[in-house]
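To start, the structure itself, in structure tokens.
4 protein chains.
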Amino acid sequence: MDNASCASNTVNADENPIQDIDPGYLQAVVDRIERLEEEKSETATAIRDVYSEAKGNGFDPKVIREIIRLRKQDPHELDEQEAILHLYKQALGMG
Amino acid sequence: MDNASCASNTVNADENPIQDIDPGYLQAVVDRIERLEEEKSETATAIRDVYSEAKGNGFDPKVIREIIRLRKQDPHELDEQEAILHLYKQALGMG
Amino acid sequence: MDNASCASNTVNADENPIQDIDPGYLQAVVDRIERLEEEKSETATAIRDVYSEAKGNGFDPKVIREIIRLRKQDPHELDEQEAILHLYKQALGMG
Amino acid sequence: MDNASCASNTVNADENPIQDIDPGYLQAVVDRIERLEEEKSETATAIRDVYSEAKGNGFDPKVIREIIRLRKQDPHELDEQEAILHLYKQALGMG
DNA sequence: AACGCATAAGTAAGAC
DNA sequence: GTCTTACTTATGCGTT
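Protein chains in written order, with our numbering: chain A, 5 to 99; chain B, 5 to 99; chain C, 5 to 99; chain D, 5 to 99.
Printed below as a string of structure tokens:
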């Protein structure tokens, strides 16, 4: 990192950040974040659109979300959790 | 929409979705969502990295987040809200 | 409600709230909210403690949360969702 | 804690929780959590009601939320954050 | 009834 | 390693 990008000097870098700000670097940071957030937002919209389309075709979005969630999990972990769940259900008379 | 994509027939589309599922369509939906979610996740990581780098350069990530939040708002709306906030603060002796 | 509690007059109640604030009412509102939020926070802590104790006794908190979640749902709704889930899984070869 | 409450034995407590469940203890845990969650839910409703009433009296709920948020912070911390915020704003020409 | 906001819960990362 | 804090997602609520 370029020294010019330092937001504070070395004397009290931890508690007094109110010195030596590089405006150009800060601007660049903000710009990059805003660009990425826009990208993320667009992707989120695209995801919502897919769910919405699926719903329009008679599918249940909530259940599709569940499918997505299940597929994200490690199969072995999933099996374990379901075994424990089954066990607890029985202990509670929910079997 | 193609009829083949219908998850339910026209007789009881609202309450009995358990017929006429097009597996290919459902698979495509799931694939698209998973692809988009991965994209979103990568973007989220990139955002975190920018904050992290900025922090390493002495900037306060929390305040940068606040900056991003403020810039996202409509300036006019923002001014109004701040005016009301100021008013409430005074009414509460927080001025 | 007492007229004195009005935050705005009748001329433009919707868009110009910057008049006629009753400081006492606003203070009361803030006090009530803060009191209730503290209460809520204490309850949340108590819940965490129960999970924590259960974990200490060898139970899996994640699965207990799942149990709680399942019990909150309407049994009929639950059955439907699980039937649809099963259907989708089969369509995706996850059966 | 009573040994009878143990959910697993000492041989493989970490990875095989599927033994020695005390159903009574599990039931008690679930009951306590459900009771506390109901309590929390009621408090949340009461909070919403206060905001709603305030809104009916012409106050802006969003700004009240901001007030609550600000008052929750440590005043010293708050001042510091605002100082940094001011600094960043100036660096970005948002002053 | 659909849309967005706001809360709440679960998850993951970072600090001590 | 624990423990809190922040981010993400999901649900519920109010609004239009």
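Note that the Cβ used here is the ideal one computed from N, Cα and C, for glycine as well.
D83(A) has a beta carbon lying at 9 Å or more from every beta carbon in chain B. When C-alpha distances from I71(D) are compared across L30(C), P79(C), D24(C), K93(C), the shortest belongs to L30(C). Distance from the CA atom of L40(B) to the CA atom of Q94(B), rounded to whole angstroms, is 47 Å. Of the residues assessed, L82(A) falls on the exposed side of the cut-off, its CB having fewer than 16 other CB atoms within 10 angstroms. For I71(A), the neighbours in chain C by C-beta distance under 8 Å run, in chain order, L89, Y92, K93, L96, M98. The C-beta of P79(A) comes no closer than 9 Å to any C-beta of chain D. Comparing alpha carbon positions, the residue from I37(D), D26(D), L89(D), H80(D) closest to P65(B) is L89(D). Assignment of G99(D) by DSSP, reduced to helix, strand and coil, places it in the coil class.
When secondary structure is reduced to three states using DSSP, G62(B) falls in the coil class, being assigned neither helix nor strand. At a cut-off of 9 Å between C-beta atoms, L30(B) counts as an interface residue with respect to chain C.
Chain A places a beta carbon closer than 9 Å to that of K44(B), counting this residue as a contact. Within chain C, Q85, I88, L89, Y92 have C-beta atoms less than 7 Å from the C-beta of V67(A), given in sequence order. Taking C-beta atoms as the reference points, V54(A) and F63(B) fail to come closer than 9 Å. Proximity to R36(A) across L74(B), H80(B), E57(B) peaks at E57(B), based on C-alpha coordinates. Distance from the CA of A50(B) to the CA of P27(D), rounded to the nearest whole angstrom, comes to 47 Å.
Of the residues assessed, L74(C) falls on the exposed side of the cut-off, its CB having fewer than 16 other CB atoms within 10 angstroms. Assigned with DSSP and collapsed to three states, D78(C) falls in coil, not helix or strand.
Around G99(D), the same chain offers K93 as residues with beta carbons nearer than 6 Å, after the five sequence neighbours per side are excluded. Less than 9 Å divides the Cβ of T47(C) from the Cβ of K44(D). Excluding residues up to 5 positions away in sequence, P65 lie with their Cβ nearer than 7 Å to the Cβ of K59(A) in the same chain. Annotation: D78(D) to A87(B) spans about 23 Å, alpha carbon to alpha carbon.
Each residue's CA atom was taken as its position, placing Q85(C) and V67(A) some 7 Å apart.
Taking the beta carbon of V34(C) as reference, the chain B residues within 7 Å of it are L96, listed in sequence order. Interface residue (Cβ-Cβ distance to chain C less than 9 Å): D24(A) is not classified as such. In the displayed model, I68(D) falls within a helix according to three-state DSSP. For L74(A), none of the residues of chain B pass the 9 Å Cβ criterion, the least Cβ distance being about 11 Å.
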